[in-house]
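Below: the structure, in structure tokens.
Here you go:
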């Protein structure tokens, strides 16, 4: 019913009382209409809520078709590494699960994102599942917060709720087998070392931050030492070789190398002194790490996670990433070809990967590219972790099959340029605006695409990453030290060995050098001196008895053989070892 203000009294209200009565009638009608509109809105809202609840009860959702379609691209017949569940419009679908086939992990991967976006926890979850699948893992614990892998995590409703959202209803706190290793003797883990000879000139040049000319000179110095059979085991060995070559006694040797200036050799010598001051002398030496110790499983069949911490190398973090590259190069040389297998023999995780490539020489980058390209046939997977995908050279980035991209920040023109480049590296998608999505991801969320079992890229998925089962915190230095002391590797690598090498041999050369002092004019002895009494021999002398010792003879034969053999070198100029 509509009130006509003109209907009161059959005409237009003329008196004040009639006007007031008509206005009141209009107000009452407007209030009635408003009540009816509010009731209709409440009914519509209730109908929508009931529909959403019914959809949840039957396992469907308004966006279920889209998320299911994305998840279908990640379906696998073999074992997988679960990452989480698909998100759409800010809501995760636990039934739409995202995973990486274990068989494709030797095609390598990248985990990237700004600081605080969840990269480390993603790596922790990946390491857990690999260990549970019997795959050993090598990781760099740069910030010291991955030691929690060794103990079960905290159990609370928040973590369990997140696990359910990610499709993991059976989440339980779990610890995993971990070995704690430190670079050199200055850390809290089991000390590990590498010899100068095995490290090689290219990797050492990266550590010393040498330019191209200096790197070439260092290579020639290594070549001369190899030719002379001089073992370069620690820093004092290399310093003694360079000191010899730049001395008056070594000028002829230096000239024989060709193309080496004394000034350049002097620069390298100074950089070695700086490296030693930064703790490098605690790392280079023996016993040298045997990389087969990284390929172990425990008694329950779980892969052992090896965590490397910086130790005394904290002031020179580039040493860390370069050492890991040396380990990878050694694995490349020594492991047999296995081709495509159901799961990798080892997964190698490079955290802070930008340190590896910053200011790297062309020779270094070429060797990294070659290693990453070819080591997959040895059953080894490599995962690089960094803030920006652009930190990785294109030649290496093109080899990485799995991409887990956490949030990026675009605060500067350079950030925006990096964001645009990142978007172009993903498969096209009609579901997400990638440029907007990459800057809108929450902590613990990532844009994912991997290689399917058929080797094709999977659909782009905004993924809610599942929480780790182990402790998401450090266990403390005391616990790490106790674990390292109890390790079977402690007795193998704990004590430093300093055996005969270039330093000792060059010192011996100086001691055995002919006496060039002027000859003194001493008058001759009288010719009529009495004969000395004859002494009958009492058996072999002490020197003769030592030289006749079979063990000494064997040692001398080995030393002579080693001295006469040039040390062969392979990738990165690293010294070869026997294949295992």
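Residue numbers (the working numbering): 64 to 643.
Idealized CB from N, CA, C, for every residue including glycine.
Residues sharing a beta bridge with residue 150, DSSP: Answer is 155, bridged to residue 150.
Own chain, CB closer than 6 Å to residue 137, minus 5 neighbours either side, in chain order: 161, 162, 521
Residue 199 beta carbon less than 8 Å from that of residue 357: yes
Residues near residue 345 by beta carbon distance below 6 Å, same chain, minus five either side: 247, 248, 249, 375
Residues bridged to residue 160 (per DSSP): According to DSSP, residue 160 bridges with 148.
Burial state of residue 89, where buried means 16 or more other Cβ atoms lie within 10 Å: Under this definition residue 89 is an exposed residue.
Minimum length 3: unbroken beta strand (DSSP E) runs contained in the segment 189-266: 200-203, 241-246, 253-255
Distance CB(residue 311)-CB(residue 287) smaller than 8 Å: Taking 8 Å as the Cβ cut-off, residue 311 and residue 287 do not qualify as a contacting pair.
Cα-Cα separation, residue 449 to residue 105: 50 Å
Burial state of residue 231, where buried means 16 or more other Cβ atoms lie within 10 Å: buried
Closest residue to residue 204 among 223, 459, 244, 172 (Cα-Cα distance): 244
Bounding residues of the alpha helix (DSSP H) (the contiguous stretch that carries residue 339): 325-340
The segment 167-176 touching the segment 222-231, judged by at least three CB pairs closer than 8 Å: no
Distance CB(residue 456)-CB(residue 428) smaller than 8 Å: yes
Helix, strand or coil at residue 172 [DSSP, three-state]: strand
Residue 473 versus residue 139 - alpha carbon distance: Rounded to whole angstroms, residue 473 to residue 139 spans 35 Å at the Cα level.
contact_flag[the segment 278-286, the segment 255-265] where n(CB pairs < 8 Å) is 3 or more: As far as the Cβ criterion goes, the segment 278-286 touches the segment 255-265, which means the pair count is three or higher.
Straight-line gap, residue 556 to residue 445 (C-alpha atoms, nearest Å): 26 Å
Host beta strand (DSSP E) of residue 508 (start-end): It spans 508-512 - the beta strand (DSSP E) in which residue 508 sits, taken as one unbroken run.
Segments assigned alpha helix (DSSP H), at least 4 residues, entirely inside the segment 374-431: 381-397, 417-420
Endpoints, alpha helix (DSSP H) assigned at residue 498: 497-501
Distance CB(residue 443)-CB(residue 419) smaller than 8 Å: no
Residue of 254, 216, 295 minimising C-alpha distance to residue 238: 216
DSSP bridge partner residues for residue 468 (one or two, in chain order): 175, 510
Span separating the alpha-carbon of residue 120 from that of residue 508: Low local confidence applies: a pLDDT of 46 at residue 120 is under 50, so the model's placement there is unreliable, with the coordinate-based value given in what follows. Straight across, the Cα-Cα distance linking residue 120 with residue 508 is about 26 Å.
Local conformation of residue 458 per DSSP, three classes: helix
Cβ neighbours of residue 550 in the same chain (closer than 8 Å, five flanking residues each side left out): 242, 243, 253
Among 538, 351, 382, 214, the one whose alpha carbon lies nearest that of residue 421: 382
Buried or exposed (CB count within 10 angstroms, at least 16 for buried), residue 191: buried
Between the CA atoms of residue 536 and residue 513 - distance to the nearest angstrom: 28 Å
Chain-order list of residues whose beta-carbon lies under 6 Å from that of residue 304 (same chain, five-residue window excluded): 288, 565
Own chain residues within Cβ distance below 7 Å of residue 531, not counting five before or after: 184, 187, 188, 191, 216
Within 8 Å, strictly: CB atoms of residue 330 and residue 277: Going by beta carbons, residue 330 and residue 277 fall inside the 8 Å limit.
Sub-8 Å separation of residue 562 and residue 349 beta-carbons: yes
Residue 510 to residue 339 span [Cα, whole Å]: 43 Å
Buried versus exposed, by CB contacts within 10 Å (16 or more), residue 441: buried
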